[in-house]
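The sequence shown: position 126 = 135 (this note's numbering), numbered continuously.
Have a look at the structure below, then the notes.
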Amino acid sequence: MFAGHYAAAFAAKAVEPRAPLWTLIAGAQLVDIGWAALVMTGIEHGRIDPTLPGSALVLEHMPFTHSLPAAIAWSLAAALLARYALRLVWPAAIAIAAVVFSHWLLDLIVHRPDLELYPQGPKLGFALWDLEVAEQAVEIGLIAIAGIFWSAQRTRAGQKAWPAAAFIGLLVAVQIIALLMPAEASNNLAESGAMALPTYLVLAIVAIFLDGKAAPRANSPQA
């Protein structure tokens, strides 16, 4: 799953507009940002199997990013950074943490059983990847529904709704490019990580420009 993860960011922005969009967009992929760095350095590892349907990704050793305890730790770290480094109000920090944790939950739906319940423990995954059309429908559906809520929130706040449509369009374009790219174009996880990191960065930067209103600081009257 790629684009579908951002649905959580859109939903969180609709519920808690004080959270800057870029923090939610980065948070949606924070686990995979860490994953990319760790596979590039060889700390975590897996392989690419082009014969697999849906996704060629095979996770073999991912205890620091794709286990349940790791997801909880990343989420707590994100909340603390949002509160004390970015000085966001607690509701915004909690929204960011929820988006970070949603990554593992959404992965649970699509991944084959390769997500550790705890280090060296049983591996979970409902394998929606094996049903390619259904998986893509779920991703696009999540983005569309969450995007509608985000657009509605912006409209109620007196902001223009077009940023939501623009960002959704960008995500769909990136998703299509990824689908059309043969698995052989990235034949190991280190290369996949190196290719993914710039995409995550660009999307976070785009979110900065699309987000028209800064979040209140923790020392503001709204805190």
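We put the CB at the ideal spot given by N, CA and C, even for glycine.
Review point. Are the beta-carbon atoms of residue 18 and residue 39 separated by less than 7 Å?
Key: The residue labelled residue 18 in the question sits at position 9 within the sequence shown. The residue labelled residue 39 in the question sits at position 30 within the sequence shown. No, Cβ-Cβ distance for residue 18 and residue 39 is not below 7 Å.
Check your understanding: Does the distance from the C-beta atom of residue 187 to that of residue 16 stay below 7 Å?
Key -> Here residue 187 refers to the residue found at position 178 of the sequence shown. Here residue 16 refers to the residue found at position 7 of the sequence shown. No; because the gap between Cβ atoms is not below 7 Å, this pair is not in contact.
Review point. How many Å lie between residue 169 and residue 152 at the Cα?
Key: Stepping through the sequence shown from its first residue, residue 169 is reached at position 160. Stepping through the sequence shown from its first residue, residue 152 is reached at position 143. In a straight line, the C-alpha of residue 169 is about 19 Å away from that of residue 152.
Practice item. Say yes only if the C-beta of residue 74 is nearer than 6 Å to one or more non-hydrogen atoms of the ligand GDP, and no if none qualify. Key: As far as ligands go, the structure on display features none, and thus does not contain the ligand GDP.
Exercise for review: Mark residue 63 as exposed unless 16 or more other C-beta atoms lie within 10 angstroms of its C-beta, in which case mark it buried.
Suggested key: Within the sequence shown, the letter at position 54 stands for residue 63. It counts as buried.
Review point. By Cβ distance, which residues of its chain are closer than 7 Å to residue 58, with the 5 residues on each side in sequence left out?
Key: By one-based count along the sequence shown, residue 58 stands at place 49. Excluding residues within five positions, the ones whose Cβ falls inside 7 Å are 65, 67.
Check your understanding: Exposed or buried, which one is residue 122 when buried takes at least 16 other CB atoms within 10 Å?
Key -> Position 113 of the sequence shown, counting from 1, holds the residue named residue 122. That one is exposed.
Review point. If you count every other CB in all the chains shown that lies within 10 Å of the CB of residue 74, and 16 or more means buried, which is it?
Key: Position 65 of the sequence shown, counted from the start, is the residue given in the question as residue 74. Looking at its Cβ environment, which holds 16 or more other Cβ atoms inside 10 Å, residue 74 is buried.
Review point. Three or more C-beta pairs closer than 8 Å, one from the segment 103-123 and one from the segment 80-92: is that the case here?
Key: yes
Review point. On the three-state DSSP scale, how would you describe residue 132?
Key: To locate residue 132, count along the sequence shown from 1; it is residue 123. The answer is strand: DSSP assigns residue 132 an E or B state.
Practice item. State yes or no: is the C-beta of residue 216 within less than 7 Å of the C-beta of residue 89? Key: The sequence position of residue 216 within the sequence shown is 207, counting from 1. The sequence position of residue 89 within the sequence shown is 80, counting from 1. For residue 216 and residue 89, no; Cβs fall outside 7 Å.
Review point. Smallest Cα separation from residue 76: which of 185, 25, 132, 184?
Key: In the sequence shown, residue 76 corresponds to position 67, counting from 1. For residue 76, the nearest C-alpha among the options comes from 132.
Review point. Alpha carbon to alpha carbon, what distance is there between residue 171 and residue 129?
Key: Numbered from 1 along the sequence shown, position 120 holds the residue referred to as residue 129. Numbered from 1 along the sequence shown, position 162 holds the residue referred to as residue 171. Their Cα atoms are separated by approximately 46 Å.
Review point. Helix, strand or coil: how does DSSP classify residue 61 here?
Key: In the sequence shown, residue 61 corresponds to position 52, counting from 1. Coil.
Exercise for review: Inspect the beta-carbon positions of residue 46 and residue 14 and report whether they are closer than 7 Å.
Suggested key: Taking the first residue of the sequence shown as 1, we reach residue 46 at position 37. Taking the first residue of the sequence shown as 1, we reach residue 14 at position 5. Not in contact: residue 46 and residue 14 (Cβ atoms no closer than 7 Å).
**Study point:** Neighbourhood of residue 201 by C-beta, 8 Å cutoff - its chain only, sequence neighbours within 5 removed
**Key:** If you number the sequence shown from 1, residue 201 lands on position 192. Here the set comprises 45, 48, 57, 66, 195.
**Study point:** beta strand (DSSP E) runs wholly inside the segment 56-131, at least 3 long, in chain order
**Key:** 66-70
Review point. What are the boundary residues of the alpha helix (DSSP H) that residue 154 is part of?
Key: Here residue 154 refers to the residue found at position 145 of the sequence shown. Where residue 154 is concerned, the enclosing alpha helix (DSSP H) stretches over 141-165.
Check your understanding: To which residues of the same chain is residue 70 closer than 6 Å at the C-beta, ignoring the five residues directly before and after it?
Key -> Mapped onto the sequence shown, residue 70 falls at position 61. Excluding residues within five positions, the ones whose Cβ falls inside 6 Å are 53, 54.
**Study point:** Beta-carbon proximity check, residue 103 vs residue 87, cutoff 7 Å
**Key:** Walking along the sequence shown from the start, residue 103 turns up at place 94. Walking along the sequence shown from the start, residue 87 turns up at place 78. Cβ distance not < 7 Å, so residue 103 and residue 87 don't count as in contact.
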